[in-house]
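A.B. asks: Residue numbers (the working numbering), protein chains in the order written: chain A, 6 to 249; chain B, -1 to 644.
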Amino acid sequence: MIYKLHIWRQQNADSTGEFEQHQIEVNADTSFLEMLDALNEQLIESDKEAIAFDFDCREGICGSCNLVINGTPHGKHRATTTCQQYMRDYADERELWIEPWRATAFPIIKDLIVDRTSFEKIIQAGGYIEIRTGSAGEANTIAIEKEVADAAFDSATCIGCGACVAACPNASATLFVAAKVTHLSTLPQGQMDKKRAEKLLEAMDEQGFGGCSNYRECERVCPKEISVSTITTMNKLLYQGHAK
Amino acid sequence: MTDFELDSHTPKGSLENRWTQHKFDLKIVSPANRKKYNIIVVGTGLAGAAAAASLGEMGYKVKTFCFQDSPRRAHSIAAQGGINAAKNYQNDGDSTWRLFYDTIKGGDYRARESNVFRLAELSTSIIDQAVAQGVPFAREYSGYLANRSFGGAQVSRTFYARGQTGQQLLLGAYQAMSKQIEEGTVVHHSRSEMQDLILIDGKAKGIVSRDLVTGKLEAHMADVVILCTGGYGNIFYLSTNAKGCNASAVWRAHKHGALFANPCFTQIHPTCIPQAGELQSKLTLMSESLRNDGRIWAPKNKADCDKQPEDIAEHDRDYFLERMYPAFGNLVPRDIASRAVKLICDEGRGVGHDIEGKKLGVYLDFAKAIEDQGLDAIREKYGNLFDMYQHIAAEDPYTTPMRIYPAVHYTMGGLWVDYNLMTSIDGLFAGGEANFSDHGANRLGASALMQGLADGYFVLPSTVSNYLAHQKPLDITQTYPEAEQALQACKDKIQRLMNAPAPQKTADEFHRKLGQIIWNACGMAREKSILEQSIKQIKTLREQFWQQVKITGSDETLNQTLERAGRIADFFELAELMCIDALTREESCGCHAREEHITGDGEAQRHDEDFCYVAAWQYSGDLSVPVLYKEELHFEFVRPTTRNYR
Chain A
6 MIYKLHIWRQ
16 QNADSTGEFE
26 QHQIEVNADT
36 SFLEMLDALN
46 EQLIESDKEA
56 IAFDFDCREG
66 ICGSCNLVIN
76 GTPHGKHRAT
86 TTCQQYMRDY
96 ADERELWIEP
106 WRATAFPIIK
116 DLIVDRTSFE
126 KIIQAGGYIE
136 IRTGSAGEAN
146 TIAIEKEVAD
156 AAFDSATCIG
166 CGACVAACPN
176 ASATLFVAAK
186 VTHLSTLPQG
196 QMDKKRAEKL
206 LEAMDEQGFG
216 GCSNYRECER
226 VCPKEISVST
236 ITTMNKLLYQ
246 GHAK
Chain B
-1 MTDFELDSHT
9 PKGSLENRWT
19 QHKFDLKIVS
29 PANRKKYNII
39 VVGTGLAGAA
49 AAASLGEMGY
59 KVKTFCFQDS
69 PRRAHSIAAQ
79 GGINAAKNYQ
89 NDGDSTWRLF
99 YDTIKGGDYR
109 ARESNVFRLA
119 ELSTSIIDQA
129 VAQGVPFARE
139 YSGYLANRSF
149 GGAQVSRTFY
159 ARGQTGQQLL
169 LGAYQAMSKQ
179 IEEGTVVHHS
189 RSEMQDLILI
199 DGKAKGIVSR
209 DLVTGKLEAH
219 MADVVILCTG
229 GYGNIFYLST
239 NAKGCNASAV
249 WRAHKHGALF
259 ANPCFTQIHP
269 TCIPQAGELQ
279 SKLTLMSESL
289 RNDGRIWAPK
299 NKADCDKQPE
309 DIAEHDRDYF
319 LERMYPAFGN
329 LVPRDIASRA
339 VKLICDEGRG
349 VGHDIEGKKL
359 GVYLDFAKAI
369 EDQGLDAIRE
379 KYGNLFDMYQ
389 HIAAEDPYTT
399 PMRIYPAVHY
409 TMGGLWVDYN
419 LMTSIDGLFA
429 GGEANFSDHG
439 ANRLGASALM
449 QGLADGYFVL
459 PSTVSNYLAH
469 QKPLDITQTY
479 PEAEQALQAC
489 KDKIQRLMNA
499 PAPQKTADEF
509 HRKLGQIIWN
519 ACGMAREKSI
529 LEQSIKQIKT
539 LREQFWQQVK
549 ITGSDETLNQ
559 TLERAGRIAD
569 FFELAELMCI
579 DALTREESCG
589 CHAREEHITG
599 DGEAQRHDED
609 FCYVAAWQYS
619 GDLSVPVLYK
629 EELHFEFVRP
639 TTRNYR
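This is the structure we're talking about:
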């Protein structure tokens, strides 16, 4: 299969970028990133600089990879990270536009790589349960209803890739924040910190993310299918926090 | 290099009191003095993040480094199946002693008893810690924690969070570390890779890092350096490791005098998705937990290998693990399962894609489990793994069996460490997969997470404190000539890579070739003549690499081509040591199957009288002539026997 590619190239945060055209032939069972690997090898062989893009585990769990493919963060195959997209998914779209996440809070570092330090700052603001190493009690002392544990897991599965931000017209990180708040505050161990939601949202504002206005684009592109119901849960916690 | 005595500093006395007594014997630093000490932690996966969080919390000043854009991306995150702990919640006879015994036996009697016992002892505290952090482990309807079975054990002691246990445990450690960053005890550097170790008077006192965004080299000084940089499975090019996993930090340490232990001990995981094509960049693991319910089989007749699995009659299927090992069946340890799969495929009974003229795959079938337990129960247990398989292989494992083949997964070898996890360089510690300590010649499933966290949360905080208690804090604001020299050496090396005399091939092309050589020589089967031939090939290819590697772009900006080349350069050196180690170990044990030392029925044949030791290699200045130090292993509490899973 032959593809015409338009790939975003940008030397650094301060320079202006543009789409660069390439053509490549690959077979259907090649993964999307392996297609880019092959292109990069060709570029190096012809003395050109390789296209920079983030990746690591290539099995959909580390959250590193992050391409917008034909306008959709991570690509057309739903509930899937970029690294798990295969060229067979693009059998009938032979012209591909490949771009980085675009958001003020995710400045471009180079080509398709963005800086997601802002997510780190949000977690640092209170995205944890305080427990000194070694001070925990016996694990089975507190029984947790299976449904509650499962619900916490469903939120905890967030891989911090940032697709939710990239898809949101406001470039909001509300789903990311809500997933963490719901994960921790659903569990009995995490209920001490009543201000967690507030702290995380404040950090989100400080980092330059927008607010939520219910577009629900985030949920559509989340590779881990985190539901916007986490936002409802968070809002409830916010209300309870204020009521006290 | 000077000769020295290899001392494991293993405590004496009754096994169950050793760690307790040892902790009491260790010196501690008073809380008021802790902030005077600087600690560097390189690598922030399970071991590194747990150590950084714990040491920061104690009041030390910690600096952390990772090459990824966040500590949350470390490859610990990809561990699927679970974490072992001797909680005995199932009342099935588990105990610290049994976990200890299973681990020693699983490792084919090539690990230290004291270390493994400590690991088993600490296992239960890890679960307590993780639950308190909010790790959402699977639970029974009663609300209490659930367990499942894993290979090499007859009890059910594996805790899990669906197929994402590593992710959840890493996020726990990452969040704990994030709290310390917020409090200012930990200063973290992402997209930053260690280039070299800085030694002052023979002691580890800092590192040179390269900022992967700006290309800037920088010296960081400290009182102690801890490497938690993971394993070197990526040396094989195709492996289940993340693409960025590398051996550079441990290798640079090795070249400064840190002994490298058992480098040829690499784990080949039996259940991975088989290779499909030439452009493939990595292999994906399917959790061992699948072997709880999935049955492994291959066609009895070669003529059936091209048929659809559904068209092969039940009586024409060979459930070979159940046939060969009736006691453990599909749950034999990884090395044994991998070798059995290889045996079947070598006989010509493999299925799936042709790779170099052979079909490399067997079936992992859930039809029976779905029939017995129902589709929903199987989806609940393995849903995300099934989805992952479907994405990659474009087949639905709910309706057709998965195809699997072994792939490189973990490296038991690593930096030699004593009981305190200190390497043979004073002040240099190693935790997690980066050290060799606990798994012997084969690691049991669900033990990597256990070891990484035991090292990070519980061992290193005690032993590093003891080390610091004996040190006068270093003034890190000063400039040290040793640091300047290390910086210059790093600059020179990068220039040499950037300016190869006859650049014509990409670093990846070299890596693929190296991977093939080392897979054939040091993979599932090892043989004298092939090892000797491979050593020659590695040397030739290494020379070519330095002559011909082609790197475009600049070293003063983000340049992933350069990053990769630097890692591959180190792999080229380590590869030779792996082959030398495999060649020297004239026995089979665990993962190390020397064709010359296999019993009549295909099992590994150990030679305890000659090889019951840890092979710790010292760099001599000549890569081809490393010096071997033997740490004899003494078994006081278990008697090494032939592993029998039949």
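The beta-carbon is built from N, C-alpha and C at its ideal position, and this holds for glycine as well. Since the model is a prediction, treat every value here as computed from it, not as a measurement.
1. How far does the alpha helix (DSSP H) with S160 of chain A in it reach, from first residue to last?
2. So that I know if they touch, is there some Cβ in chain A lying closer than 8 Å to that of S279 of chain B?
3. Is DSSP giving Y627 of chain B helix, strand or coil here?
4. So A591 of chain B packs on R337 of chain B, CB below 8 Å; how close in whole Å?
5. Restricting to Cα atoms, I'd like to know which of B:L383, B:K280, B:T212 is closest to E286 of chain B.
6. Going along the chain, which residues of the stretch 24 to 35 of chain A sit with their C-beta nearer than 8 Å to a C-beta in chain B?
7. Can you tell me whether A444 of chain B is helix, strand or coil according to DSSP?
8. State the Cα-Cα distance for the pair P112 of chain A and V339 of chain B, rounded to the nearest angstrom.
9. Determine the DSSP secondary structure at K61 of chain B, reduced to helix, strand or coil.
10. Compare the C-beta of R107 of chain A against all C-beta atoms of chain B and say whether one is closer than 8 Å.
11. So, at 6 Å on beta carbons, what are the nonlocal neighbours of L10 of chain A in its own chain, with the 5 sequence-adjacent residues on each side left out?
12. Going along the chain, which residues of its own chain have a beta-carbon closer than 8 Å to the beta-carbon of I266 of chain B, five neighbours each way excluded?
13. Pick helix, strand or coil for I376 of chain B, following the three-state DSSP scheme.
14. Please list the partners that R93 of chain A has in chain B, where partner means a Cβ-to-Cβ separation under 9 Å.
15. In angstroms with no decimal places, state the Cα-to-Cα distance between A245 of chain B and E191 of chain B.
16. Per DSSP, what kind of secondary structure is Y465 of chain B in: helix, strand or coil?
17. At what residue ranges does the stretch 52 to 114 of chain B contain a whole run of the alpha helix (DSSP H), taking only runs of 4 or more?
18. For the ligand GDP, is there any heavy atom lying closer than 7 Å to the beta carbon of L10 of chain A?
19. Give me the chain A residues within the contact set of L556 of chain B, using Cβ-Cβ distance strictly less than 9 Å, ordered along the chain.
20. For the alpha helix (DSSP H) that contains R494 of chain B, what are its first and last residues?
21. Mind listing which residues of the stretch 104 to 129 of chain B have their C-beta closer than 9 Å to chain A's C-betas, in chain order?
22. Using a Cβ distance threshold of 8 Å, determine whether the stretch 612 to 629 of chain B contacts the stretch 246 to 263 of chain B, with at least three qualifying pairs required.
23. Which word fits M(-1) of chain B, buried or exposed, when buried means at least 16 other C-beta atoms lie within 10 angstroms of its C-beta?
24. Would you tell me roughly how many angstroms separate the C-alpha atoms of T138 of chain A and K229 of chain A, rounded to the nearest one?
25. Going by Cα to Cα distance, which pick from B:N433, B:L168, B:I492, B:K526 is closest to L215 of chain B?
26. According to DSSP, is T191 of chain A helix, strand or coil?
27. Cutting at 6 Å between CB atoms, please list the residues of its own chain near T8 of chain B, excluding the five before and the five after it.
28. Closer than 8 Å is the cut-off here; do at least three beta carbon pairs connect the stretch 140 to 151 of chain B with the stretch 310 to 329 of chain B?
29. Tell me the rounded alpha-carbon separation between D97 of chain A and P272 of chain B.
30. Would you say I134 of chain A lies against chain B (beta-carbon separation less than 8 Å)?
31. Runs of 4 residues minimum, wholly inside the stretch 143 to 220 of chain B: which ones carry the alpha helix (DSSP H) assignment?
32. Below 8 Å CB to CB, which residues in the same chain sit around I423 of chain B once its five sequence neighbours on both sides are set aside?
33. I need the straight-line Cα distance from V153 of chain B to G91 of chain B, nearest angstrom please.
34. Locate the alpha helix (DSSP H) running through A30 of chain B, then write down its first and last residues.
35. State the start and end residues of the unbroken beta strand (DSSP E) segment that holds Q265 of chain B.
C.D. replies: Considering the structure as presented:
1. 151 to 161
2. yes
3. strand
4. 6 Å
5. B:L383
6. V31, N32, D34, T35
7. coil
8. 48 Å
9. strand
10. no
11. H27, L101
12. R332, D333, S336, P404, A405, V406, H407, G521, M522, C589
13. helix
14. A392
15. 11 Å
16. helix
17. 94 to 104
18. This structure lacks the ligand GDP, and indeed carries no ligand of any kind.
19. N17, A57, I114, K115, D116, I118
20. 479 to 496
21. T122, S123, I125, D126, Q127, A128, V129
22. yes
23. Note that M(-1) of chain B has pLDDT 43, beneath the 50 cutoff, so the model's placement of it is unreliable and the number below is only indicative. The residue is exposed, with fewer than 16 neighbouring Cβ atoms inside 10 Å.
24. 30 Å
25. B:I492
26. helix
27. S112, Y417
28. yes
29. 27 Å
30. yes
31. 163 to 181
32. L195, L197, G200, K201, A202, A251, H254, G255, A256
33. 7 Å
34. 29 to 32
35. 264 to 270
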